[in-house]
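K.L.:
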């Protein structure tokens with residue numbers, strides 16, 4: 039599953055770079071505090087760059103996906119994942135390639151009284 043960790047790390051590194059340039063005209067006490075804070079942010083940025091590996095003990099949960107093709111056709115598929123997918127995640131479906139989750143859609147089921155089903159609506163990832 040995709041996430042925004044790399045993009046967030048890149049943004050933090052750009053911010054840190056600009057803040058380092060601003061340190062030249064700051065007095066020593068303020069400079070030390072800012073350098074300490076920036077070192078903490080650098081550590082966090084390094085954590086964001088570490089790969090996310092799902093814990094092996096977590097159970098996989100089956101989720102339903104509605105793959106909407108550019109011409110309006112759609113197909114339903116299922117995938118087992120360790121955690122619920124989020125809007126913006128990119129998933130690979132065998133035979134279909136990569137798809138980006140756009141939203142979720144709840145569909146009422148029959149007979150009445152059963153819980154509605156949730157489908158994650160996806161478009162081809164370009």
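Numbering (the numbering used here), first residue to last: 39 to 164.
Glycine residues also receive a C-beta, built at the ideal position from the N, C-alpha and C atoms.
Could you name the residues of the same chain whose beta carbon sits closer than 6 Å to that of residue 139, not counting the 5 residues immediately before and after it, in chain order?
P.N.:
So the qualifying residues of the chain are 123, 125, 127, 158, 160.
K.L.:
Taking 7 Å as the threshold (C-beta atoms), are residue 98 and residue 137 in contact?
P.N.:
No, these two residues do not count as a Cβ contact at 7 Å.
K.L.:
Output yes or no for whether 7 Å exceeds the beta carbon distance between residue 118 and residue 144.
P.N.:
Not a contact, by the Cβ cut-off of 7 Å.
K.L.:
Kindly confirm or deny that the region 75-88 and the region 44-58 touch, where touching means at least three C-beta pairs closer than 8 Å.
P.N.:
Touching, yes, given that three or more Cβ pairs across the two stretches are closer than 8 Å.
K.L.:
For residue 107 and residue 162, what's the separation of their Cα atoms in angstroms?
P.N.:
Going by the C-alpha atoms only, they are around 7 Å apart.
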